[in-house]
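See structure below.
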Amino acid sequence: MICCRFPRSARLLTAADFKQVFARSHRSADTYFTVLAHRNEVRSPARLGLAIAKKQVRRASRRNLLKRLARECFRISQQKLGGLDLVVMARAAAATAPRERLNASLQKHFERLTTDLLDQ
Numbered sequence: 355m356i357c358c359r360f361p362r363s364a365r366l367l368t369a370a371d372f373k374q375v376f377a378r379s380h381r382s383a384d385t386y387f388t389v390l391a392h393r394n395e396v397r398s399p400a401r402l403g404l405a406i407a408k409k410q411v412r413r414a415s416r417r418n419l420l421k422r423l424a425r426e427c428f429r430i431s432q433q434k435l436g437g438l439d440l441v442v443m444a445r446a447a448a449a450t451a452p453r454e455r456l457n458a459s460l461q462k463h464f465e466r467l468t469t470d471l472l473d474q
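Counting from 1, position 17 in the sequence shown corresponds to residue 371 in my numbering; the numbering is continuous, with no gaps.
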C-alpha cells in the first residue's frame, strides 16, 4: 500500500532548506513547471517545497489548485523519490493548462530527476 500522507517531515519548511535546494540543484523544466532537486545529506524521506509565484499565476484559486496538484503528485510518487529535496515552481502557462497535462508534466519531472540523481 502506498503511503499517501504529507507530514511535516516531508516538507521543506525553512528558508535554509529552500536556499540549499536553490544553490545546489538539478533542474528539470518544461512549459508548465520548473522543478529543482537536490539529494539531501541525511537520506531522510523525500521532501517537497512549493514556490508558486503570484507574478506567474495571478489568480489565488489557480495557485492553490497548482499547489494541490503538486502535493498530490508528490504523495503518489513519494516512495520512488527516495532522499530528494524538491522545489516546484510554476510558469505562466500553468495558469491555463488542463489538470491532466499538469499532472503528466509533474510526473515526468519527478521521474526524470529520480533517474538523474538517485541512479548515480
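Cβ atoms here follow ideal geometry from the backbone N, Cα and C, with glycine treated the same way.
TODO: Can you tell me which of the three DSSP states residue 439 falls into?
DONE: For the purposes of this step, residue 439 is taken as residue 85 along the sequence shown, with counting starting at 1. Correct three-state label for residue 439: strand.
Open item on the list: On a Cα-Cα basis, can you pick out the residue from 366, 382, 365, 372 that is closest to residue 471?
Closed with: Start at 1 with the first residue of the sequence shown, and residue 471 comes out as number 117. Between residue 471 and the set 366, 382, 365, 372, the nearest pair of CA atoms involves 382.
Open item on the list: Rounded to the nearest angstrom, what separates residue 440 and residue 405 at their Cα positions?
Closed with: Locating residue 440 in the sequence shown gives position 86, counting from the first residue. Locating residue 405 in the sequence shown gives position 51, counting from the first residue. In a straight line, the C-alpha of residue 440 is about 11 Å away from that of residue 405.
- [ ] Determine the contact status of residue 449 and residue 411, defining contact as a CB-CB distance below 8 Å.
- [x] Numbered from its first residue, the sequence shown carries residue 449 at position 95. Numbered from its first residue, the sequence shown carries residue 411 at position 57. Against a cut-off of 8 Å, the Cβ pair of residue 411 and residue 449 comes out as a contact.
Open item on the list: Could you pull the DSSP bridge partners for residue 383 from this structure?
Closed with: For the purposes of this step, residue 383 is identified with residue 29 of the sequence shown, where counting begins at 1. DSSP lists 388 as partners of residue 383.
Task: Selection from 456, 445, 461 that minimises the alpha carbon distance to residue 431 - done: Here the question's residue 431 lines up with position 77 in the sequence shown. With respect to the C-alpha of residue 431, the residue from 456, 445, 461 having the closest C-alpha is 461.
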